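Written below as structure tokens is the structure these notes are about.
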Amino acid sequence: MSEPTIGIRPEMPVEFDEIHALVKTAFETARVSNGDEQNFVDRLRAGDDYLADLALVAIEGDRLVGHVMATRTAIDTAEGRRAILLFAPLAVDPDHRRRGLGSRLTREVLARGRAAGFDAVTLVGDPAYYGRFGFRPTTDFGIDNTNGIPAQYAQMLELVPGALTGVGGTITYAT
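Quick note on the numbering used here: the sequence shown kicks off at 99 and runs consecutively.
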């Protein structure tokens, strides 16, 4: 008997409570967590920068087993604000880890962000994990953060090669 297929699609409002619970459960066993990730997802969704098409769930049968989202944010540059994406908590059900689901969700949200016209994305996360997707410290692009987050954890990825060349500036990460 084969394993059930896991599909990826945008989240729906009817799932918000289930997503909240999934994110909380996923981060209870995460290597790094501040214990507020589920509330952070809720705050991002309630904000003006929420992009419903870039808030994705992974579904196996009728069970939600993964979630990721990207919202609008900006780099404050000498020329003004420059829109990019913020990659927010990636959550995978503990029973579904180490099967490539987190990678699938990451690649899918990045592809959808590129297709939506964004040329760069930022996140705060584990450099060992996100480095395999091409994320690098923001400081490699001449970009600092105002939150005091150590450079190795504040990371960026160009969705379009060269998009951040010569940009420079600062990012304030949502809390």
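Each residue gets a CB set at the ideal place from its N, CA and C atoms; glycine is no exception.
Being a predicted model, the structure only gives us computed values, none of them experimental.
Flag this pair as yes or no: are the beta carbons of residue i and residue j separated by less than 8 Å?
{"i": "residue 138", "j": "residue 187", "result": "yes"}
{"i": "residue 120", "j": "residue 224", "result": "no"}
{"i": "residue 265", "j": "residue 233", "result": "no"}
{"i": "residue 171", "j": "residue 267", "result": "no"}
{"i": "residue 254", "j": "residue 222", "result": "no"}
{"i": "residue 117", "j": "residue 162", "result": "yes"}
{"i": "residue 124", "j": "residue 189", "result": "yes"}
{"i": "residue 157", "j": "residue 241", "result": "no"}
Here's the rule I'm using: 16 or more other beta-carbon atoms within 10 Å means buried, otherwise exposed. How should residue i be labelled?
{"i": "residue 245", "result": "exposed"}
{"i": "residue 211", "result": "buried"}
{"i": "residue 130", "result": "exposed"}
{"i": "residue 135", "result": "buried"}
{"i": "residue 112", "result": "exposed"}
Which residues in the same chain as residue i place their Cβ atom closer than 8 Å to its Cβ, once the five residues preceding and following it in sequence are excluded?
{"i": "residue 114", "result": "140 and 143"}
{"i": "residue 205", "result": "231"}
Closer than 6 Å by C-beta to residue i: which residues in its own chain qualify, once you throw out the five before and the five after it? Chain order, please.
{"i": "residue 217", "result": "257, 258 and 261"}
{"i": "residue 270", "result": "244"}
{"i": "residue 236", "result": "252 and 254"}
Any beta strand (DSSP E) of 3 or more consecutive residues that is wholly inside the segment 173-260: 178-185, 218-222, 241-243 and 252-256
Any 3 or more C-beta pairs closer than 8 Å across the segment 153-170 and the segment 194-207: yes
Contact between the segment 241-259 and the segment 150-158 (3+ Cβ pairs under 8 Å): no
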